[in-house]
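As structure tokens, the structure follows; a few thoughts come after it.
Protein chains: 2
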Amino acid sequence: MSEIVKVAVDAMGGDNAPVEIIKGAVDAVNLRDNILVYLVGTQEVLDTELAKYSYPKDRITTVASTEVIETAEPPVMAIRRKKDSSIVVGLNLVKDGTCDAFVSAGSSGAILVGGTFIVGRIKGVERAPLAPVIPTAKGVSLLIDCGANVDARPDHLVQFAKMGSIYMENVIGVKNPRVAILNIGAEEDKGNALVKETFPLLKACPDINFTGSIEARDIAEGAADVIVCEAFAGNVALKMYEGVGKVLLSELKNGLMSSFRGKLGGLLIKPVLKKSMKKYVASEYGGAPLLGLKGLVVKTHGSATHKEVTTSIIQCVSFKEEKINEKIRDRITIKE
Amino acid sequence: MSEIVKVAVDAMGGDNAPVEIIKGAVDAVNLRDNILVYLVGTQEVLDTELAKYSYPKDRITTVASTEVIETAEPPVMAIRRKKDSSIVVGLNLVKDGTCDAFVSAGSSGAILVGGTFIVGRIKGVERAPLAPVIPTAKGVSLLIDCGANVDARPDHLVQFAKMGSIYMENVIGVKNPRVAILNIGAEEDKGNALVKETFPLLKACPDINFTGSIEARDIAEGAADVIVCEAFAGNVALKMYEGVGKVLLSELKNGLMSSFRGKLGGLLIKPVLKKSMKKYVASEYGGAPLLGLKGLVVKTHGSATHKEVTTSIIQCVSFKEEKINEKIRDRITIKE
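Going down the list, the sequences are from chains A and B. Going by our numbering, the first sequence opens with residue 1, and the numbers climb by one from there. Going by our numbering, the second sequence opens with residue 337, and the numbers climb by one from there.
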């Protein structure tokens, strides 16, 4: 059997907590026998929910916490004050080595701040970027950084490019991933001050496959495997992707429901629609890793259902097996 | 009859020039009897193309130019050197008062640079933003700035908010338009340095209807009428919108063609699909105005076909009729 991976799961975070989160954790241990889950939350809630399922009891440990960090709370304050929140307790399980990873659908800000403050960055890593895997026409790409840590410097972006390459190559399995910098034109002289400064640094990196600029219009086509960007622009790109996808699909559905002919056609195309749109559904991809920390911290969508939670937990296995953090440490240290 | 509007049209710019551009110009004068077109391009090309159509001859004037600015040329250099290019000649027609507006599907960079250098900004306007109208689930919104003039200051963004409000209210007809600033979270303390500095300035503006931050995910839903942003982020949002829409529709089409059942369903839903997706097609909206100049400059998509060119030309009528530039001058001057 492969190595055991221990994952702390925040049972209290996200729109569908605790029901969907706990179901997702149960499914994960039922699907993979090398996963141990440490479920963090209000003891009574955990007990009530877990009683609904059948699963190997020795593979889910409950860890009691008494507080919950709400999405609207200022992150730094929340992490400092709510020492017994599910996020802080879960992150501490990674910090003290009890767990390899922490998965949460809770407050992005608190997870990002807590990840850096509690788990801590790998030596040499200056910023821990949030790097979601997004679906494209050709497969998937990594958008790095989409976090809350805006106004990055060029050397941060160079580290993102390296960490992103390691992740895509070893966790997603893309050989020699194409790295591009998010820009507003294809030419080298285009862009804002940050992009213009970063471009030659990336071009000079011997250990990444830098292919130049990428315009946002070519992201969904799959024109690069790792898209390096400052967090504000990355966040805009990511959320635009989600928003446009949602609106277009809902317009299509409304259109189909507006006439008999549409309804009939809709019934016929349902399996095809489901199949071709499946890859654009968040649950298939799990959460976004926060790269460069001393443990793995994964942020799943606030709207995550059990399926995405399960995928996010299982994702932690290849992260550990492929020794991503060791690889990041080696690569960053060599180049500093 | 309403006032005559004179529009210079770049017959040589864009992927489908000259054929589609010239057809679009002919359609515009055939559709509206208050439009005069000044068609700028290689004389021989203009003559050959125009000979194909029937239209009131006195409503299209040809203006010979001998050079063409290519998309890949560095804009500043191109505008300076190619004095007899269709873009420079067309912009000069606006500068010298021969025309009210200039429409081009050519190099964005050259149009933006030329618009500012040749036509010039209205007194008090610090930057001329490119402001495309984008389709949403509720109608349309204005995304301002999506241009090439990146790294804006907070006072630039305040001017964008004012100019955008005037355009939405008077050209698009949205009463008291909701103005939001593009951000990575809904809370006032979220964002990069620029957004944090701009937020209170917008909040303090008595002459706009500022509603706070908007996340990119809510743009397609139509959560604001005027979305104020720095050009880099705006460009990313706009191009992401275009790219995701294109990929999702093509995935859907491929899916439908992959089975007999899909093909049959596809035939049934075709009218519905066409109708519900029609609003997301660029040709319905025409080009993006470059606001704050002493004349109107409109940039249409590089891939514009005749229909979008026609829409872009017709758009110039309400811009002139509603005296947008006079309104911008008044509003900016009062507040400076």
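For glycine and all other residues, C-beta sits at the position ideal for the given N, C-alpha and C. Given the structure is predicted, the values throughout are model-derived calculations rather than measurements.
TODO: Would you kindly check if the distance between the Cβ of B/Ile649 and the Cβ of B/Ala361 is under 9 Å?
DONE: yes
- [ ] Consider the Cβ of A/Ile181: report whether some Cβ of chain B lies at a distance smaller than 9 Å.
- [x] no
Open item on the list: Between the alpha carbons of A/Ser65 and A/Leu238, how many angstroms are there, rounded?
Closed with: 32 Å
Open item on the list: Between A/Gly185 and chain B, is the shortest Cβ-Cβ distance under 9 Å, so that the two count as touching?
Closed with: yes
- [ ] Taking only beta carbons into account, state which residues of the stretch 237 to 260 of chain A come closer than 8 Å to chain B, listed in chain order.
- [x] Ala237, Leu238, Lys239, Met240, Tyr241, Glu242, Gly243, Val244, Gly245, Lys246, Val247, Leu248, Leu249, Ser250, Glu251, Leu252, Asn254, Gly255, Leu256, Ser258, Ser259
Task: Buried/exposed call for B/Gly450, threshold 16 Cβ in 10 Å - done: buried
- [ ] Please list, in chain order, all residues of the same chain as A/Asn149 whose beta carbon is under 6 Å from its beta carbon, the five residues on each side excluded.
- [x] Arg127, Ala231
Open item on the list: Please report whether the beta-carbon of B/Val608 lies at a distance below 9 Å from any beta-carbon of chain A.
Closed with: yes
- [ ] Find the residues of chain A that neighbour B/Phe438, judging by a C-beta separation of less than 8 Å, and give them in chain order.
- [x] Here the premise fails: no neighbours, minimum Cβ distance about 22 Å.
- [ ] Taking only beta-carbon positions, decide if B/Val476 is within less than 9 Å of chain A.
- [x] no
Open item on the list: Can you check whether the C-beta of B/Phe568 is within less than 9 Å of a C-beta belonging to chain A?
Closed with: yes
Open item on the list: Can you pull the chain A neighbours of B/Leu382, defined as C-beta to C-beta under 9 Å?
Closed with: Under the 9 Å cutoff, chain A gives no residues; its nearest Cβ is about 30 Å from B/Leu382.
TODO: Could you tell me which residues DSSP pairs with A/Asn209 in its beta bridges?
DONE: A/Arg178
Open item on the list: By the 8 Å beta-carbon criterion, what residues does the stretch 57 to 89 of chain A contribute toward chain B?
Closed with: Ala72, Pro74
- [ ] Spell out a yes or no on whether the stretch 260 to 277 of chain A and the stretch 599 to 612 of chain B are touching, meaning 3 or more CB-CB pairs, one atom from each, closer than 8 Å.
- [x] yes
- [ ] Starting from A/Asp10, follow the beta strand (DSSP E) in both directions and report where the run begins and ends.
- [x] 5 to 10
Task: Neighbour flag for A/Asn192 against chain B, beta carbons, 9 Å - done: yes
Task: Stretch-stretch touch, CB-based, cutoff 8 Å, three pairs: the stretch 210 to 218 of chain A with the stretch 413 to 433 of chain B - done: no
Task: Local conformation of B/Val461 per DSSP, three classes - done: coil
Task: Short CB-CB distance (under 9 Å) between B/Ser549 and chain A - done: no
Task: Contacting residues, own chain, Cβ-Cβ under 6 Å from B/Asn512 (five flanking each side not counted) - done: Asn545
Task: Contact between the stretch 164 to 176 of chain A and the stretch 470 to 478 of chain B (3+ Cβ pairs under 8 Å) - done: no
Task: Where the stretch 9 to 27 of chain A meets chain B: residues whose CB sits under 7 Å from a CB there - done: none
Open item on the list: Can you give me the C-alpha to C-alpha distance between B/Asn370 and B/Leu538, rounded to a whole angstrom?
Closed with: 38 Å
Task: Candidates A/Gly255, A/Ser318, A/Gly295: closest to B/Lys614 by CA position - done: A/Gly255
TODO: May I have a chain-ordered list of the beta strand (DSSP E) segments no shorter than 3 residues that lie completely inside the stretch 278 to 316 of chain A?
DONE: 288 to 290, 296 to 299
TODO: Anything in chain A within Cβ reach of B/Gly598, meaning under 7 Å, just list it in chain order.
DONE: Ile269, Val272
Task: Of the listed residues B/Thr636, B/Ile502, B/Pro536, nearest to B/Arg514 (C-alpha basis) - done: B/Ile502
Open item on the list: Contact defined as beta carbons within less than 8 Å: I believe B/Ser440 pairs with B/Asp351. What is the distance between those atoms, to the nearest angstrom?
Closed with: Not really, about 13 Å apart at Cβ, beyond 8 Å.
TODO: List the residues of chain A that B/Ile280 touches, going by C-beta distances under 7 Å, in chain order.
DONE: Residue 280 of chain B cannot be examined here, being either before or after the span of chain B that is shown, 337 to 672.
- [ ] List the DSSP bridge partners of A/Gly97.
- [x] A/Gly97 pairs with nothing; no bridge assigned.
- [ ] Could you tell me which chain B residues have their CB closer than 9 Å to the CB of A/Gly275, listed as they occur along the chain?
- [x] Sequence check: residue 275 of chain A is Lys here, not Gly. By Cβ distance, chain B contributes Gly591, Ser594.
- [ ] Counting only the same chain and skipping the five closest in sequence on each side, list residues whose C-beta sits under 8 Å from that of A/Ala28.
- [x] Val7, Ile35, Val37, Val309, Thr310, Ile313, Ile314
- [ ] Could you round the C-beta distance between B/Leu429 and B/Cys565 to whole angstroms and report it? I think they count as a contact, below 8 Å.
- [x] No, B/Leu429 and B/Cys565 are not in contact; Cβ-Cβ is about 31 Å, not under 8 Å.
- [ ] Could you confirm whether any beta carbon from chain B is found closer than 9 Å to the beta carbon of A/Asp189?
- [x] yes
TODO: Pull up the CB-CB distance for A/Ala220 and B/Val580, whole angstroms please, since I reckon it's below 8 Å.
DONE: 5 Å
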